[in-house]
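Chains as they are written, first to last, in numbering that gives the first Met the number 0: chain A, 0 to 211; chain B, 0 to 211.
Number of protein chains: 2
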Amino acid sequence: MPERKTLILETALQIATESGVDAVSMRSVASRIDLTAMALYPHVPSKEAMLDGIVDRLIARVKLPSPEAPWDERLAELARSFRKVARAHPSVVSMLFTRPAVTPDALRLVETIYQALLDAGVPDAEVPRLERLISTAIVGFVISEAEGRFGPGSATPRARRALLPGAELPAHHRLAGQLDASPHITAEFEADVADLIELARRAGRRRKSTTS
Amino acid sequence: MPERKTLILETALQIATESGVDAVSMRSVASRIDLTAMALYPHVPSKEAMLDGIVDRLIARVKLPSPEAPWDERLAELARSFRKVARAHPSVVSMLFTRPAVTPDALRLVETIYQALLDAGVPDAEVPRLERLISTAIVGFVISEAEGRFGPGSATPRARRALLPGAELPAHHRLAGQLDASPHITAEFEADVADLIELARRAGRRRKSTTS
DNA sequence: ACCTGAACACCGTTCAAGT
DNA sequence: ACCTGAACACCGTTCAAGT
């Protein structure tokens, strides 16, 4: 019987991907599978639940890294495949913080990160915090990318600077050269991932040096 | 003439804070200041613009740190005062990623971070990326906190684990003791901020060791 | 210029009715 | 059990009309 529910949620994900989350309505989803809006209610109790379900379907698409790889490679691979899924469904990504999925698939993602951090030698007491920091930074990056928060966006860096007198923005002006160049976003993602892995590595080393 | 616009946006922020973003409508905002919904349009071109404006008003509340403090203290203070504002308006916080403010106040926040990173000795070429990483992690934390993504939330850690057979979740079970204890969220925030500052410090040292 | 009230084309959801 | 169609109480926004 979960077949019907999955069909509804996949249809909702499809509409969100094509036309944005705002285009998802009980009526629009129902009509695509030749039903009326009210026919959805036995399977999905509310629109809120439908939006939660869209996020679930997105999470389910993320590929887990091979458990044989070294811990830092596992973290990097997970981050990359997460970003890949996100880039395929940009308008859905903004719901990742506000509708945290509590599903087996979501749990497996967290388990993968916990395991990597343990293998890095991070003390048990620090693992949950580091998992939250890393996943928050990765999800935040991916949302920012999807929403165009990076890149010029609506206002070019130059136009932005013009909002305030130059005297108030010495750092912006010193960095004008960097800011006006459009950033290589994949390189930036890799550098962020490397920095986060470095934090984990340091947390692992701290333990070892205390232990030995 | 911007008085009227500010009144409208502050009213919208007030309603969002009291009753959630969903309670903000052209009609609800207008009626609180004894107008009809249509009377808002000369000042706010659309509801989307009104939601953008709510975020602007939130950003405007963030206190900047004293420029005399050491760079790492400035970063930590900015993060803390940002979190303080966010905690006072939890339901508004989720819009921070999706509606990035492009206003003088928002610009001053970024300028403060740029300046701190430059003072830390971070090479010009790395400052924009580190600013984005730090602000993404901080905003992500604050959204997660506001949305209850940390803390037990809807499903307790124990209930979460029950979604999958134990054999699939060795790390979760090893960490059960940590996970079942409710995290001290302010301490976690401080630890995250310290880790992010540490990344900046290392980026600064890397430069110095190359230079000398 | 600023505001109103009616109207339009949507919503999510409830409910009585059908098969 | 599953689905429908009408209805309710909302939306954002347009438009003609008022002052």
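Even glycine gets a Cβ: it sits at the ideal position worked out from N, Cα and C.
Under the three-state reduction of DSSP output, residue 61 of chain B falls in the coil class, being neither helix nor strand.
Rounded to whole angstroms, the gap between the alpha carbons of residue 142 of chain B and residue 89 of chain B is 8 Å. Of the other Cβ atoms in all chains shown, fewer than 16 fall within 10 Å of the Cβ of residue 183 of chain A; this residue is therefore exposed. By the 16-neighbour rule on beta-carbons within 10 angstroms, residue 186 of chain B is exposed. In this structure, residue 163 of chain B sits away from residue 64 of chain A, with a CB-CB distance that is not shorter than 7 Å.
The DSSP-derived three-state label of residue 132 of chain A is helix.
Taking all protein chains in view, the Cβ of residue 150 of chain B is surrounded by fewer than 16 other Cβ atoms within 10 Å, so the residue is classified as exposed. Straight across, the Cα-Cα distance linking residue 69 of chain B with residue 188 of chain B is about 20 Å. The alpha-carbon separation between residue 31 of chain A and residue 57 of chain A amounts to approximately 20 Å. Put simply, the CB of residue 88 of chain A is far from chain B, with every gap to its CB atoms at 7 Å or more.
Residue 174 of chain A counts as buried, since no fewer than 16 other beta carbons sit within 10 angstroms of its beta carbon. Here residue 120 of chain B carries a coil assignment [DSSP, helix/strand/coil]. Counting only the Cα atoms, residue 137 of chain A lies some 11 Å from residue 193 of chain A. Within chain A, the C-beta atoms nearer than 7 Å to that of residue 103 of chain B come from 162, 163, in chain order. Between residue 12 of chain B and residue 91 of chain B a beta carbon distance of about 7 Å is seen, short of the 8 Å cut, so the two are scored as contacting. Along the stretch 125-148 of chain A, the positions whose C-beta sits under 8 Å from a C-beta of chain B are 126, 127, 128, 131, 132, 135, 136, 138, 139, 140, 142, 143, 146, 148, read in chain order. Put simply, of B/168, B/2, B/190 the residue whose alpha carbon is nearest the alpha carbon of residue 133 of chain A is B/190.
The Cβ of residue 97 of chain B sits closer than 7 Å to at least one Cβ of chain A.
Judged by DSSP in its simplified three-state form, residue 19 of chain B adopts coil rather than helix or strand.
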